[in-house]
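Encoded as structure tokens, the structure appears first; notes follow it.
There are 2 protein chains.
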Amino acid sequence: MERITLNDIAKVNDPMYVATIFSLGNGHLGVQDVNPIGDQHPLGTLVNGFYETNPIHYGEVAKGYAKQHQTIVNLPSLRKIDVKTTDGYPFNHSKLIQDELDLKSGMLSEKYLLSNNERHLSIYMNVNSVIDQQNTGYYGIRYQFEPGNYYGKIVAEKEIKTSLDSHDDNYEKANQIDPRKARSIKTVDITPIVANPKIKAWTIRTQHSRLGLMVKVYSEYNDFKRVLDLSDSKQPKLSYDFYIGKIHNSTLPKSVDEINNEMFEQIAQHSQDYWDHVWQQSEIKIDSNDKLDLALHYNLFQINQGAGRDGLTNVPSKGLSGPGYEGHYFWDTEMYLLPYFIYTNPKIAKQLLIYRYNVLKPAIQRARTMGIKHGALFAWRTINGQETSAYYPTGTAEYHIDGDVAYAVSEYFNVTHDLDFLKRYGYRIILETARFWANFGAFSEVNGKHRFQFFTVTGPDEYTILVDNNYYTNRLAKYNMQLAYDMGNLIAKKDPAFLNQMGTDQDELNQLNDIAHNVYLPYSKSKRINAQDDSFLKKPYWPKSAPKDHRPLMMYYHPLTIGRFQVAKQADTMLAEFLFPHDISNEQLKREYDYYEKVTTHDSSLSRSIFGILAARLNDMKKAYSYFTDTVTMDLTNLQGNTADGLHLANLGGTWMSIVQGFAGMQMKNDKLEYNPKLPKEWKQYSFRQVFRGRVIEVHVTHQGTQLKLISGQPLSAYVNGKLVDLR
Amino acid sequence: MERITLNDIAKVNDPMYVATIFSLGNGHLGVQDVNPIGDQHPLGTLVNGFYETNPIHYGEVAKGYAKQHQTIVNLPSLRKIDVKTTDGYPFNHSKLIQDELDLKSGMLSEKYLLSNNERHLSIYMNVNSVIDQQNTGYYGIRYQFEPGNYYGKIVAEKEIKTSLDSHDDNYEKANQIDPRKARSIKTVDITPIVANPKIKAWTIRTQHSRLGLMVKVYSEYNDFKRVLDLSDSKQPKLSYDFYIGKIHNSTLPKSVDEINNEMFEQIAQHSQDYWDHVWQQSEIKIDSNDKLDLALHYNLFQINQGAGRDGLTNVPSKGLSGPGYEGHYFWDTEMYLLPYFIYTNPKIAKQLLIYRYNVLKPAIQRARTMGIKHGALFAWRTINGQETSAYYPTGTAEYHIDGDVAYAVSEYFNVTHDLDFLKRYGYRIILETARFWANFGAFSEVNGKHRFQFFTVTGPDEYTILVDNNYYTNRLAKYNMQLAYDMGNLIAKKDPAFLNQMGTDQDELNQLNDIAHNVYLPYSKSKRINAQDDSFLKKPYWPKSAPKDHRPLMMYYHPLTIGRFQVAKQADTMLAEFLFPHDISNEQLKREYDYYEKVTTHDSSLSRSIFGILAARLNDMKKAYSYFTDTVTMDLTNLQGNTADGLHLANLGGTWMSIVQGFAGMQMKNDKLEYNPKLPKEWKQYSFRQVFRGRVIEVHVTHQGTQLKLISGQPLSAYVNGKLVDLR
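Protein chains in written order, with numbering that gives the first Met the number 0: chain B, 0 to 727; chain U, 0 to 727.
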């Protein structure tokens, strides 16, 4: 039940799809499940935040454009091995016949049929691999051979490539047209630093970004080349443990020996311990649909594998499962992944927000470059904090990133009450982003009133670019400035010197509050819905006659062609309604839902989960269930068609949100947890665990009702269907 | 009076500025006035339409983007010569001490002081050069030497570089940030094809665009290297004649001998004849300001030099005076240069419009790429007709190019009554562009009515991008569709089979007419002015606190920063009011003028002339005069600061428009010429000649009144200040 196998996935014959689905990661190191035999797919090791820069070339450049690509380096696979008979016939073909990822332990167990086609020889190879979840530099792999029609001796040699040449350069293949893929990198030096039979080691350095890694491989059996007798009843084994760590401050350890080895068993134990802890805090179960239940477990497993934990890295939009989107961090983290972490593992949530704190300096610089005198503008996509989007209409113009980060800070604080975090990190983020909005927007007349407006922005819907008063953006900006006032005053009440330390004062907070109250939110009187922006509702609908299979639209049409129609890539105004559930009545929500659903293509993987959650809120369980099933199996069914480039991490987070914030209707009310649970008729029940201010809570939703259990921690009370319930 | 000398120009010490100002051209061949000595500026020969393509690299590419750069090839200078003493001391320094461009004959006469600094030797070199205006392949140059402090023998050798390496690669120097410069080209082969003492010849071929040129140089004195005795009283002369012709159909002439030589004197005579004719038809005089009079003559001279005459080429936005803007053709031709040609040399006007007819095929293809099922979309910038703008927000989004071309066709026809042109070329252009608008726009509700609207476009003001219902665009589109109806019916009346031959019918024309009547034109009720677009008037003004010297804004600010303010690069709505003088009252024009003038930076060279013309219409002669003086001397004073990249040809045309359509208030009325002349108080009088339906007319405007003279052709009548006047 809690194992993913070849039976559970869409494209068993697509090696890169398999490599992505069965990838292992620990927030620092990612190892794709590439076939250990042959040189077809030589790469597949990713280190979070280990990127190379290259100049962005523009056909026509302008002032203030992002200058450098940042591309996560796709490093040589750690899994390759060379196997031949002792008389030199190589087993150079290999077929994956079993693959099993244990979601409870993190162990990946595979079986390959190896063959030499010339001599019609075959043997079997079992591969076990696991990544360390405690000491995040370590990865262990073990090979074990069985006779096939060949029973003799074999020579197995651990192969480690030291080149980044790839035979599967998706980016070049795609003729550079797909922005979701990564570009290849030619400026990385891989240099051996030690050579003895038991240990190999290299430094890996990027020429432009000047980052360094140390890689060490330890062979359990004292060498990298071994002769194994298949007729020996003791099954021949080989075991290797890898260490990959960043070279901080660009200095090498004095010697490779400073890096301790970790045995395979120890790595496996660290993995087991970690996953025990994760499931203890965030176990989730759907009773009566094993497929969805498994997919959901898989999704949570992969979110955990992809999230940086060191405060210096974040969550690449594909996690560490593949190099797609170049390993960049987007708003996906704040809006789609942090809900899960805030409610199940706030330590990680905190580290992810500290990352944003750590890149405030380039964000402040970016605001200046954009002509904004005060405040910070976070990069739309980045690794090192600098803007690396080479297309500003769906890059820098998505100013809402500032509001997204501030919103996440407030969510983290509201749920955890972590005042220390707020004072040391969070408030600085809220203040600088609020300042940005106040200086970026302008008072201007609308419907006879002076309202604070935001011109020439792009909202979440990337099919509608450079518009005025995007509802989502304006709503977030309003909240962000309000937060600066509210949270500033909240802290100042306890610590009167705080505002001064922050370089602000009551005057500035009052001003932000005043602007917040005057932010314009576009509304259509005729349609009685919030308007996506000032012009969206005026545009013609996407033609019904257009070919239905031309999806995603961006792969078939010029941005101008898409942009002149009323067609949305994803939830936009609807996302704002999700984030601010008390803004509008259910009747208006219903109108908006019906309207925006019709003009949304869901070409973004960030869309369906939000529509599903809001459907649950509107009690349209049929729709909610349909969106949920699409969304929860998105990568296992390859719904978007590009899982081979990496998993859609934001959507994985969206599936957790669908259960907890959608079906169970969880939100905060009066500083307490609140649930308004619904149960799809297809299910007997579902349950989930969550963490809340030091407690672990388990929620069971059945057709008979909802039960809350306090698994650990102090008693508390929570709302269930409007009634306060005590948990002890 | 009709000679430009070093006294008349701004930057005598900037060699590339001088090279631009004194450039010679004939619509086919352009020769920059580069210093003949030394290798500082080795390039400076341009052939209209001789371009190389290179792939456009985008930081992030999308479907339908322009694929290829088209760059006019900056060929080696034809002017270089190597001079040394017979004992080998080179005269490798040279200072231009006299430069004189005779606007009446096209002859360029210069004097250089040549020196050898090592030995403190000096001599003088006189250079005469002239370009053939009849056989446009020819250019002649003659060198004549005089003793300085050196009286002995010299060796003069004609140097012809065969490399495109430039020491003055402005494009790379500017770090690629200035879109107004050209990029350098490395993929052109220059191959010698004959070598005898009297003749040198090469083929020049581009590797990607696969275009070819044949260059032949003829030496009058039978060799390219001569010993000259400076003490000889017969002044030593050297004379060379160049031929540069395009190799059509990629075939070479069988031998170089097929190309006839033309002697310097003959070239000079062809030049003289041509300019006699030009001035006979378009002489213009300002009495009492020699500086402005000279500048005006210079401007008309340069417009004539830059305009292609073969129906296969157009007017590069810098003419043939420099490689800026990569030799591309823009809407500049139709809106700023065709008025001059239509009213003084309609043969050239016709050829320029035939060029558009000849690129209809790629324009139809472009419309399809942009998702428009019928009609044609001309490239925003191009040489070969394919879109080459690498930045669509101020490229393809400037759909108004279609309306601009159609407008010019109608102007040409209205003035010339050239029905044959209209049937063979013009109506096809009008019909295909009208079809584009009908399929590109959409009916949508505005103020309770269904109106035909255009979403996500950029108007002439390139500081305001991707807006809805740009007034200028909508107005042109409306006119364009109306034209298709009106002119289609006009021709059909005389030739009933015509519509069928064109692949249209009365139904389609009626439909276009119906849409034309329903086009929405944005208007601000509160300001009582036509609104530049749906959102422009709502945006905040450009901050007063911003540094005043940060101009043009685009060189200092990100497009998003500029775009969120109410700031215009150039005349936008005002240009529409100029084109359609009967749309609004003078009172509304005054309101619009006062409003838009305040928010316009004139960072585009296309702006001031329009504001000047409209000021004259509003009888604000102070303002009109001020704009005129700025505009007429723009390049001679280096007003925009970038004349070294090439002349601002559209603005040169704008100065003619300023006199004739501005001060003299010329327009068409009831199919007759109409004048409403005004005379700046600073002048005694002004006069100009123009061509109208086979006649040459001379207009004199004095403080006593306006006189019209019929210089040649049949009698006609015209309106002067509302009264019909007969000319005999």
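Built from N, CA and C at the ideal position, the CB exists for glycine as well.
With its beta carbon at least 8 Å from every one in chain B, residue 21 of chain U lies outside the interface.
DSSP, read as helix, strand or coil, puts residue 606 of chain U in coil.
Linking residue 125 of chain B to residue 439 of chain B through their CA atoms gives a straight-line distance of about 59 Å.
Per the DSSP secondary-structure output, residue 568 of chain B pairs with nothing in a beta bridge. Given a length threshold of 3 residues, each whole run of the beta strand (DSSP E) inside the segment 437 to 513 of chain U is given here in chain order: 441 to 445, 448 to 452.
In summary, the residues of the segment 512 to 542 of chain B whose CB is separated from some CB of chain U by less than 7 Å are 533, 534, 537, 538, 539, in the order they occur in the chain. Minimum Cα-Cα distance from residue 389 of chain B among the listed residues U:338, U:32, U:59 corresponds to U:59. If you check the CB distance, residue 384 of chain U and residue 361 of chain U come in under 8 Å.
For the 8 Å CB-CB criterion, residue 405 of chain B and residue 498 of chain B do not form a contact. Not flagged as an interface residue toward chain U: residue 381 of chain B, since no C-beta distance is shorter than 8 Å. Residue 62 of chain B belongs to the set of residues whose beta carbon lies under 8 Å from a beta carbon in chain U.
For a Cβ distance threshold of 7 Å, residue set 454, 455 of chain B lies close to residue 563 of chain U, ordered along the chain.
For residue 241 of chain B, the secondary structure class from DSSP, reduced to helix, strand or coil, is strand. No residue range can be given for residue 65 of chain B, since it is assigned to no alpha helix (DSSP H) and is classified by DSSP as neither H nor E.
Excluding five sequence positions before and after residue 224 of chain B, the CB atoms of its chain that fall closer than 7 Å to its own CB belong to 154, 156, given in chain order. Residue-level contact check: residue 475 of chain B does not touch chain U, since none of the beta carbons of chain U fall below 8 Å from its beta carbon. Within the segment 269 to 324 of chain B, the complete beta strand (DSSP E) runs of at least 3 residues fall at 283 to 286. Cβ-Cβ distances below 6 Å link residue 370 of chain B to nothing in the same chain once the five nearest sequence neighbours on each side are left out. For residue 131 of chain B, no CB of chain U lies under 8 Å from its own CB, so it is not counted at the interface with that chain.
Leaving aside the five residues that flank residue 421 of chain B on each side, the residues in its chain whose CB is nearer than 8 Å to its CB run, in chain order, 408, 412, 486, 490. Residues of chain U whose Cβ lies closer than 7 Å to the Cβ of residue 670 of chain B do not exist, since the nearest Cβ in that chain is about 38 Å away. For residue 701 of chain B, the closest of B:685, B:715, B:695 by C-alpha to C-alpha distance is B:685.
For residue 277 of chain U and residue 534 of chain U, the gap between their C-alpha atoms comes out near 46 Å. For residue 690 of chain U, the uninterrupted beta strand (DSSP E) segment begins and ends at 684 to 691.
Comparing alpha-carbon positions, the option among U:621, U:426, U:52 lying closest to residue 500 of chain U turns out to be U:426. With a beta-carbon spacing of about 13 Å, residue 23 of chain U and residue 17 of chain U fall beyond the 8 Å limit used to define contacts. Judged by DSSP in its simplified three-state form, residue 260 of chain B adopts coil rather than helix or strand.
Among the residues of the segment 416 to 435 of chain B, none has a Cβ less than 8 Å away from any Cβ of chain U.
Residues of the segment 600 to 619 of chain U with a C-beta atom less than 8 Å from some C-beta of chain B do not occur.
Note that the C-beta distance between residue 328 of chain U and residue 344 of chain U is not below 8 Å. The beta carbon of residue 469 of chain B sits closer than 6 Å to the beta carbons of 456, 458, 532 from its chain, once the five residues preceding and following it are set aside; these are given in chain order. Of the other Cβ atoms in all chains shown, fewer than 16 fall within 10 Å of the Cβ of residue 416 of chain B; this residue is therefore exposed. The Cβ atoms of residue 567 of chain U and residue 463 of chain U lie closer than 8 Å to each other. Between residue 76 of chain B and residue 42 of chain B, the C-beta spacing is below 8 Å.
At a Cβ-Cβ threshold of 8 Å, residue 35 of chain U and residue 66 of chain U do not count as neighbours. Taking a Cβ-Cβ cut-off of 7 Å, the neighbours of residue 56 of chain B in chain U comprise 56, 58, given in sequence order.
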